[in-house]
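Residue numbers (my numbering), protein chains in the order written: chain H, 1 to 400; chain R, 401 to 688.
Here's what the structure looks like:
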């Protein structure tokens, strides 16, 4: 009898210790959910700009001891990852699981315009702030009004397309290029919307569009497109393309010795893999995004990214993704707790110190962002933006 | 003229993608929905040899082809042969094999993701201009075309002029009757499945010299291969080659003379027309 009660006492004590340890442990960490593609069409994009940044950020925060709460204690962060397979329905399911089953404190926004927009209602329903990066759409005003928890950081479709046209107009004004533009786009929402916006802006700026075609996303032979564009004798070439086509078009243009003084390709132009594949022949190539190469903070970021993740960061989405994570970090520390409502309000009303400079959201948007970058001397620098300092002058492309 | 050459180059690439699946579906009767992943794996092998070992990606064929052969043979023996044994009819086997290989494709994507990561991989090899009749073409594409024509040609020769080849053709026509004339059907089915996998991996290596691939790209190639195999007629190599050429030429003609946006529409329209007027495929015999 005595032995049994001794045993049950011991068991009760042990269980009690385990439980209280568990509870203490749970109180010590902040759980952060992350859902983005690991497989599917956008997997490679996420592998470049999303997952490494999350890994880098979490490692750096935990090395510092964690996020500082208002009572002075520090809480480390734990990332709970889900693969949404580039399927919006999976994104929605994963966000709901993170909110209701894993009960995470915050959720990092998904990758991709479609996936972010699909998940926005769920974020709003559970009150999680959604600092979207890779979401370029013209519906930003409408969306920020509908969802008080969503924030946009990479700009709108029209501003993007307009910026490219402005760069071309400036080159034309300086006598570097003529009036004829050949434009192609991938037949996906991204390419179609940008081409649509660019068409209007080009016509308004008085350019003549001599070749205007679209191609299906998985086309493996883009030589008819490049040959067709070349035959139209343009002064400038613009391609609203995805990474596989960006690479294929550039290779074809190089083989054809497609001599235009202004050559713009879409997503992928800003990848480190672009310069490592093509080398110095891409000197003068224009693309999306860009960075202020003189920023010491950015240089430190790139070095840290390489050291912690073993992969180079890109020059458009990567630093902005990291900046968005810095915003989340500073907002949580600013509020000093994991109160989501307070953090969301904090994001709306404060200025943040990020690798992309000082960020202050205006109506839940960052209004100053890089739009056009160019490869100059093996570095990808920002040449046009919506009001950021440090733009380098555009150089004309002189052959391959 | 330029359009013709571009079309032939593209058609040869397509035939490479479809050649492996023709063997696997035609002889082994397995509709292998994971063939795109084998192709991407072959491409990964070539990428690794080129970037890590700094050798010509063709060197990767030395280990990629035998490895793919062995892997596919093992998959057939342990995963698919049980399905073959218990299938009561050809249709039953097709459904089973579609489901099994569909699941396999997800597993392969996951394995490749773990091993190579999710990034795009792309390298420049022979990306110089090769002039044919005055127009520049990518040397890597020309080489891929020549190699794929050589592979298809030698496969066709082997199938029609050797004893094993004849046995394989017999199995593709009627497995039951072939068994009756002392052909070891299970062994030959495994052989053709493994051979199909090896050819697909070699095709992946060739395609990787000018395409940008990532772990999730396989599904696009599987779909293309499926269209070509069904359009060409099941079990006939000639059919696959001819269908691939027709498709390549049609897509190039549409892209150059009409609108590049219509290439997919044209390809599938052609597919639908062939199925409407000749449901067994261009070279297909009557269904057994």
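Quick reminder that beta carbons are idealized off the backbone N, C-alpha and C, glycines included.
When 84/H, 280/H, 301/H and 253/H are compared against residue 182/H, the one with the closest alpha-carbon: As a position in the first chain, residue 182/H is number 182, starting the count at 1. Measuring from the Cα of residue 182/H, the nearest candidate turns out to be 253/H.
State the Cα-Cα distance for the pair residue 248/H and residue 221/H, rounded to the nearest angstrom. To locate residue 248/H, count along the first chain from 1; it is residue 248. To locate residue 221/H, count along the first chain from 1; it is residue 221. Spanning the two alpha carbons is a distance of roughly 8 Å.
Are the CB atoms of residue 197/H and residue 401/H within a distance shorter than 9 Å? Chain H is shown from 1 up to 400; residue 401/H falls before or after that span and cannot be answered.
Mind listing the chain R neighbours of residue 224/H? Cutoff is C-beta to C-beta under 7 Å, in chain order. On the first chain, residue 224/H is found 224 positions in, with the first residue counted as 1. Ordered by position in chain R, the residues that pass the 7 Å Cβ test against residue 224/H are 406, 652, 655, 656 and 660.
Please report the distance separating the alpha-carbon of residue 109/H from that of residue 142/H. Taking the first chain and counting its residues from 1, the one referred to as residue 109/H is at position 109. Taking the first chain and counting its residues from 1, the one referred to as residue 142/H is at position 142. For residue 109/H and residue 142/H, the distance between alpha carbons rounds to 19 Å.
Can you confirm whether residue 575/R, when its beta carbon is compared against all beta carbons of chain H, has any partner nearer than 9 Å? If you number the second chain from 1, residue 575/R lands on position 175. Output row for residue 575/R: interface = no.
Find the nearest neighbour of residue 354/H within the set 299/H, 256/H, 147/H and 88/H, judged by alpha-carbon distance. What you label residue 354/H is simply residue 354 of the first chain in a count that begins at 1. Closest option to residue 354/H, Cα to Cα, is 299/H.
Close-in-space but distant-in-sequence residues of the same chain around residue 53/H (CB under 7 Å, 5 per side omitted): As a working mapping, residue 53/H is identified with position 53 in the first chain. Contacts found: 318, 321, 322 and 325.
Under 9 Å, CB to CB, which of the residues in the stretch 247–271 of chain H have a partner in chain R? 247, 248, 251, 252, 254, 255, 256, 257, 268 and 271
What are the uninterrupted segments assigned as alpha helix (DSSP H) that are 4 or more residues long and contained completely in the stretch 31–102 of chain H, given in chain order? 43–49, 51–63 and 88–100
Interfacial residues, the stretch 516–527 of chain R to chain H, with Cβ spacing under 7 Å: 517, 518, 519, 520, 522, 523, 524 and 527
Might you give, ordered along the chain, the residues of its own chain that have their beta carbon closer than 8 Å to the beta carbon of residue 508/R, omitting 5 neighbours on each side? Walking along the second chain from the start, residue 508/R turns up at place 108. These residues qualify, in order along the chain: 434, 437, 438, 441 and 618.
Terminal residues of the continuous alpha helix (DSSP H) containing residue 183/H? Start at 1 with the first residue of the first chain, and residue 183/H comes out as number 183. Run containing residue 183/H: none in the alpha helix (DSSP H); it sits in the beta strand (DSSP E), 180–186.
Neighbourhood of residue 407/R by C-beta distance below 7 Å, restricted to the same chain and skipping five residues each side: By 1-based counting over the second chain, the position of residue 407/R is 7. Once the five neighbours on either side are set aside, the close Cβ partners of residue 407/R are 648, 649, 652 and 653.
Measuring CB to CB, does residue 48/H end up less than 9 Å from residue 313/H? As a first step, residue 48/H must be located in the first chain, where it is residue number 48. As a first step, residue 313/H must be located in the first chain, where it is residue number 313. Cβ atoms of residue 48/H and residue 313/H: closer than 9 Å.
Which value, in whole angstroms, describes the spacing of the CA atoms of residue 124/H and residue 295/H? Residue 124/H sits at position 124 when you count from the first residue of the first chain. Residue 295/H sits at position 295 when you count from the first residue of the first chain. Roughly 35 Å separates the two Cα atoms.
Whose Cβ in chain R lies nearer than 9 Å to the Cβ of residue 243/H? For the purposes of this step, residue 243/H is taken as the residue at position 243 of the first chain. Those within 9 Å of residue 243/H in chain R are 520, 522, 612 and 614.
What does the alpha-carbon distance come out to for the pair residue 516/R and residue 466/R? Indexing the second chain from 1 puts residue 516/R at position 116. Indexing the second chain from 1 puts residue 466/R at position 66. Distance between the alpha carbons of residue 516/R and residue 466/R is about 20 Å.
Where do the N-terminal and C-terminal ends of the alpha helix (DSSP H) with residue 224/H fall, by residue? Sequence index remark: in the first chain, residue 224/H carries index 224 (1-based). From DSSP, the alpha helix (DSSP H) with residue 224/H extends over 223–231.
Below 9 Å between beta carbons: does that hold for residue 95/H and residue 35/H? As a position in the first chain, residue 95/H is number 95, starting the count at 1. As a position in the first chain, residue 35/H is number 35, starting the count at 1. In this structure, residue 35/H lies closer than 9 Å to residue 95/H by Cβ.
If you follow the alpha helix (DSSP H) that residue 131/H is part of, which residue opens it and which one closes it? Indexing the first chain from 1 puts residue 131/H at position 131. Note, residue 131/H: premise wrong, no alpha helix (DSSP H); beta strand (DSSP E) at 130–132.
Looking at the structure shown, is residue 22/H part of a helix, part of a strand, or coil, going by DSSP? On the first chain, position 22 is the one that residue 22/H refers to. Note that residue 22/H has pLDDT 44, beneath the 50 cutoff, so the model's placement of it is unreliable and no number is given.
Do the CB positions of residue 400/H and residue 257/H come within less than 9 Å of each other? Within the first chain, numbered from 1, the residue matching residue 400/H stands at position 400. Within the first chain, numbered from 1, the residue matching residue 257/H stands at position 257. In contact: residue 400/H and residue 257/H (Cβ atoms closer than 9 Å).
So that I know if they touch, is there some Cβ in chain R lying closer than 9 Å to that of residue 22/H? Translated into positions along the first chain, residue 22/H becomes position 22. Residue confidence is low: residue 22/H scores 44 on pLDDT, short of 50, so the model does not pin down where it sits. Its coordinate-derived value is still stated next. So, not an interface residue.
Could you work out which residue in 149/H, 279/H, 275/H and 227/H is closest to residue 126/H when comparing CA atoms only? For the purposes of this step, residue 126/H is taken as residue 126 along the first chain, with counting starting at 1. Nearest of 149/H, 279/H, 275/H and 227/H to residue 126/H, Cα basis: 149/H.
For chain H, find out if any of its Cβ atoms is closer than 9 Å to the Cβ of residue 529/R; answer yes or no. Locating residue 529/R in the second chain gives position 129, where the first residue counts as 1. Residue 529/R counts as touching chain H.
Mind pulling the beta strand (DSSP E) runs of 3 or more residues that sit fully within the stretch 140–174 of chain H? 150–152
Closest Cβ-Cβ distance between residue 25/H and chain R: below 9 Å? The residue given as residue 25/H occupies position 25 in the first chain. Interpretation of residue 25/H is limited by its pLDDT of 49, a score under 50 that renders its predicted location unreliable; the figure taken from the coordinates is listed afterwards. With 9 Å as the cut-off, residue 25/H does not count as an interface residue toward chain R.
Between which two residues does the alpha helix (DSSP H) holding residue 607/R run? Locating residue 607/R in the second chain gives position 207, where the first residue counts as 1. Per DSSP, residue 607/R belongs to the alpha helix (DSSP H) from 585–608.
Return helix, strand or coil for residue 107/H, following the three-state DSSP convention. To locate residue 107/H, count along the first chain from 1; it is residue 107. Strand.
Span of the alpha helix (DSSP H) holding residue 569/R? Within the second chain, residue 569/R is the residue found at index 169, counting from 1. Per DSSP, residue 569/R belongs to the alpha helix (DSSP H) from 563–573.
Would you call the stretch 601–612 of chain R in contact with the stretch 568–586 of chain R, where contact means no fewer than 3 C-beta pairs closer than 8 Å? no
What would DSSP say about residue 261/H, mapped onto helix, strand or coil? As a position in the first chain, residue 261/H is number 261, starting the count at 1. Residue 261/H: coil per DSSP, three-state reduction.
Between residue 278/H and chain R, is there a C-beta pair that is closer than 9 Å? Residue mapping note: residue 278/H aligns to position 278 of the first chain, counting from 1. It does; some Cβ of chain R falls within 9 Å.
The alpha helix (DSSP H) that contains residue 274/H, what's its start and end? Counted from its first residue, the first chain places residue 274/H at position 274. That run of the alpha helix (DSSP H) goes 272–278.
Is there at least one Cβ from chain R nearer than 9 Å to residue 44/H's Cβ? Taking the first residue of the first chain as position 1, residue 44/H is located at position 44. Chain R, which has a Cβ nearer than 9 Å to the Cβ of residue 44/H, makes this yes.
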